[in-house]
Every structure is written in structure tokens, then in C-alpha cells.
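Under full-length UniProt numbering, read the sequence shown as residues 1 to 408, first letter to last. Cβ atoms here follow ideal geometry from the backbone N, Cα and C, with glycine treated the same way. Computed from a prediction, not measured in an experiment: that's the story for all the values here. What follows is a single structure, written as C-alpha cells, with notes after it.
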Amino acid sequence: MPSERCPALRRCVTGDLEQFASSYWGSQALLSPAPDLPPGGFADLFSLATADELLSSRGLRTPFLRIAKDGTVVGDSQFTGAAGVGAEIGDQIRDDKVAALFAGGHTVVLQALHRTWPPLVDFATQLSVEAGHPVQINAYITPPESQGFSAHYDVHDVFVLQVAGEKHWTVHAPVHVDPLRNQPWTDHSAAVAAAARDQEPVVDAVLRPGDALYVPRGFLHSAKALGGVSAHLTVGMHTLTRYLLVQELAALAANQVDLRTALPLGFDPGDPAQVAQQLDKVVPLLAEQIRSTSAEDLAVRLRRRTWSGNRPAPLGPLAHAAAISSLAIGTTIRLRAGLRYRLVPGDPVLLQLSDRTISLPAATNEAVARICSGDEVRVGDLPGLDEADQLVVVRRLMTEAVVVASAH
């Protein structure tokens with residue numbers, strides 16, 4: 001995992017990335033102090049001025065904002081309303097109400113910034129490609145000496161990137177290891193509170209601008225702003241787990257006719273004896289289905305379920321349509337950044353995407369492979385095709401939003 005191939009991940013982890021992948025990912029918290037270079041910490045990604053702009057000038061609606069204090073989330077009606085003539089939708093963010101709540105010690109949480117703030121859209125797209133897991137990004141802006149949320153755990157891994165001010169973080173070992181998305185911390189609230197109170201933390205540190213903290217899912221954490229306004233980005237990694245494979249293996253059992261058979265008339269699902277009778281029939285059938293499932297069968301389902309977790313880089317519809325119309329020999333093109341795909345050479349050539357498979361003639365094998373390399377390429381220089389056929393292939397891939405014209 002060379003650093004030069006993982007520029008987004010490198011901003012979250014200052015140490016050796018190979019060591020992080022083998023020794024920390026999913027198992028240990030890690031504090032990464034700000035490197036000497038580049039200066040400015042994470043100011044290019046987010047700032048307090050960015051927060052003010054989003055809260056006042058961008059027409060945000062719920063659920064893009066959440067507000068909390070001491071672990072209690074404020075009802076949406078306390079900071080939303082209609083936005084005047086032509087924008088009467090009633091759940092738009094009211095900047096004056098947000099200002100009053102923030103002045104009263106409430107934490108402001110800007111949610112899904114990987115969809116609303118361009119620098120973080122690009123950052124999330126890159127990080128998702130590097131890590132192989134879907135990414136979401138929220139920002140937490142906390143007033144001085146305030147705490148938005150008490151000790152809790154998340155059901156996804158988190159990179160905390162400190163943007164402004166100082167925040168004291170306390171991280172404890174899990175009380176429920178590797179929780180799934182349907183196993184929230186509230187299921188173990190008493191154990192969480194006891195561990196946060198009685199156990200020694202694994203991380204007890206003050207984060208300053210440019211510092212980063214990795215918190216695996218399940219690890220308990222809480223934070224308190226110190227001295228002034230504090231802001232950090234929470235980069236959530238929606239970790240793909242082995243249980244995901246189990247779920248999809250079970251879903252493939254729907255292809256087994258005998259597993260779709262109705263249970264007996266009068267069946268009592270609360271009677272262990274009756275359930276045992278059916279298990280004697282179901283377990284062998286399910287085991288056989290699992291044994292007969294190929295990796296390719298499972299990969300098809302996993303592509304559909306996971307590759308859409310993050311969108312590829314934004315594509316301007318009007319500019320892209322104009323680029324398709326003006327496509328010519330000499331146009332420089334590239335694969336759309338962040339696009340998840342699998343290229344299967346052959347006859348035909350298959351380009352598998354999250355929601356569809358594009359089929360192309362065998363003669364395009366070399367040309368499509370060159371495009372999918374990720375490098376910029378000039379139409380006219382694609383191997384194995386004459387210029388007319390190159391235009392046809394590139395126009396097809398542009399229409400499918402797989403390829404975009406390079407901006408120079």
C-alpha cells in the first residue's frame with residue numbers, strides 16, 4: 001500500500017500505511033499527530049467559514065443538519081422553517097435559529113458533506129477507491145467547553161480529522177466487538193457507561209488542527225471542546241464485513257426451489273419441536289446451496305450491493321453532453337474518477353458496473369483496457385482500432401458515463 005497510490009488515506013494516517021493495514025485496521029485505535037508538511041492541516045477540505053456558508057447560503061434541508069447537546073438531539077422543528085417566496089418547503093435550515101442554539105452550547109453536525117461540499121466530495125471519492133469501503137463525511141462544530149455526545153460507539157470505522165480549535169478525545173476498548181449496523185451502542189448502553197467510567201482509556205489526547213485519530217467500529221469514544229470553538233471531520237468508513245458474504249450466500253438460497261417450499265399448514269413458529277423438524281430439512285438444503293455457490297455468483301451480488309455505496313466523481317450533465325457532441329480525433333479522455341468496475345476481456349468484452357454490464361466487440365479489447373488503465377489517453381491513439389471505430393467506442397463509453405473528457 002504505497003503512500004503515493006493512497007493520497008487520501010495518507011492524510012488520515014501519518015505513519016506507515018502497510019503497518020496501519022496489518023496492525024491497526026479494524027482492531028486498534030491510532031493517533032496520528034499533524035505532520036510538519038503540508039501546512040494548514042485540513043483547511044483545504046473544511047473550515048469554520050465553510051460551515052457558515054453551508055448553514056446560511058446553500059439552502060440545506062434536513063437531514064443534512066443535526067444539532068445536539070450533552071447527548072440529546074434537538075428536534076428538527078427547532079432549527080428549520082420555510083425559506084420565503086419560491087422556497088416554501090418547511091424543512092430548510094434557519095441560520096438564525098442555528099446561531100441561537102450554537103450560542104447556547106449546542107453542537108452543530110453537518111451531515112453527508114461527501115455529497116454537498118466539493119472538496120469533500122473529491123476526498124471521499126478518492127478515499128473510497130483506496131480503501132475499498134464506502135465513505136461518508138460529517139462535520140462536528142462544538143462551542144467552547146461543550147460536549148455534543150456522551151461516550152458511545154459507532155457501527156462503522158471512523159477517521160477524525162481536527163480542523164479548528166482543540167478537542168479532548170477519550171477512547172476505550174469495545175464492550176461489543178465489531179458491531180454490525182443493526183447492533184447500535186444503545187443495545188449495550190449500561191456496559192458502555194460503565195466502561196467509560198471505570199476502564200483505562202486506550203487513547204486520551206487533545207487533538208489540534210492537522211491531527212487525526214482512527215477509531216475502529218465498536219470502540220467507545222467521546223470528545224469535549226477546549227477553550228474555543230472546535231471543528232472536526234468524522235470520516236466514516238462503512239466497513240464491509242464477512243457477515244456481508246453470509247447475508248448474500250443466504251440470499252442466493254432463494255434460487256433453491258426446495259428452500260422456497262411453504263411450511264406445513266398449522267405450523268407454529270414458536271414451538272421448538274416443530275421448528276426442529278423443519279431445520280432437519282432446511283439445514284442440509286442450505287448447506288448444499290452454499291457449497292454449490294461459486295465466487296462469481298457471489299461477486300455479482302456483492303457488486304450490486306456495495307459498488308453503489310459511493311458515487312463516482314460528479315459529472316456536469318450539460319458540459320458532458322457538450323463534450324459528447326464535440327468528440328473528435330485528438331480529444332483527450334480518461335476514466336471517470338471513482339468509478340467501480342470490472343473489466344472482463346474476451347468475446348465480447350464485458351465492462352461490469354454496479355448496476356449494469358456493458359458489452360463491446362472483441363476487437364475493442366486493447367482499446368478498452370487502455371482506457372481503464374486510468375491514464376489520460378488521446379482519441380486516435382487507442383490500440384487495435386482505426387480512428388472511426390475509436391470514436392464509436394469512446395462515444396459509447398461517454399454516453400454510459402464511464403469516460404469523461406479531460407479538462408485542460
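Sorting ALA87, ARG370, GLN162, CYS12 by C-alpha distance to the C-alpha of VAL393 places ARG370 at the top.
Around LEU315, the same chain offers ARG336, ALA401, VAL404 as residues with beta carbons nearer than 8 Å, after the five sequence neighbours per side are excluded.
Burial of GLU248 is indicated by the presence of at least 16 other C-beta atoms within 10 angstroms of its C-beta. For the pair TRP185 and HIS156, the CB atoms are not nearer than the 7 Å cut-off.
A residue is called buried when at least 16 other Cβ atoms come within 10 angstroms of its Cβ; ALA49 does not meet this threshold and is exposed. The beta carbons of ALA367 and LEU343 sit no closer together than 7 Å. As for any alpha helix (DSSP H) of minimum length 4 sitting wholly inside the region 358-398, the runs are 365-372, ordered along the chain. Within the same chain, Cβ atoms closer than 6 Å to the Cβ of ASP95 are found at LEU55, SER56, the five residues on either side in sequence being excluded. In the same chain as ALA253, and ignoring 5 residues on each side of it, the C-beta atoms closer than 7 Å to its own belong to LEU259, LEU286, GLN289, in chain order. In the displayed model, ASN138 falls within a strand according to three-state DSSP. Of the candidates ARG66, GLY86, ALA87, the residue whose Cα lies closest to the Cα of SER77 is ARG66.
According to the DSSP assignment, SER292 belongs to the alpha helix (DSSP H) that extends over 272-292. Counting the other CB atoms within 10 Å of its CB gives PHE123 a total of 16 or more, which places it among the buried residues.
If you ignore the 5 residues before and after ALA323, its C-beta comes within less than 6 Å of the C-beta of ALA405, all in its own chain and listed in chain order.
When DSSP states are grouped into helix, strand and coil, TRP307 belongs to the helix group.
The residue from ILE93, GLY71, PRO63 with its alpha-carbon nearest to that of SER150 is GLY71. Contact annotation: the region 325-341 does not touch the region 275-284, with fewer than three C-beta pairs closer than 8 Å. Here the C-alpha atom of SER308 lies approximately 6 Å from the C-alpha atom of SER354. By the criterion of a C-beta distance shorter than 8 Å, LEU382 is surrounded in its chain by GLU366, ALA367, ARG370, ILE371, GLN390, VAL393, VAL394, once the five residues flanking it on both sides are discounted. A residue is called buried once 16 or more other Cβ atoms fall within 10 Å of its Cβ, and TYR243, having fewer, is exposed. Under DSSP, no beta-bridge partner is assigned to PHE42.
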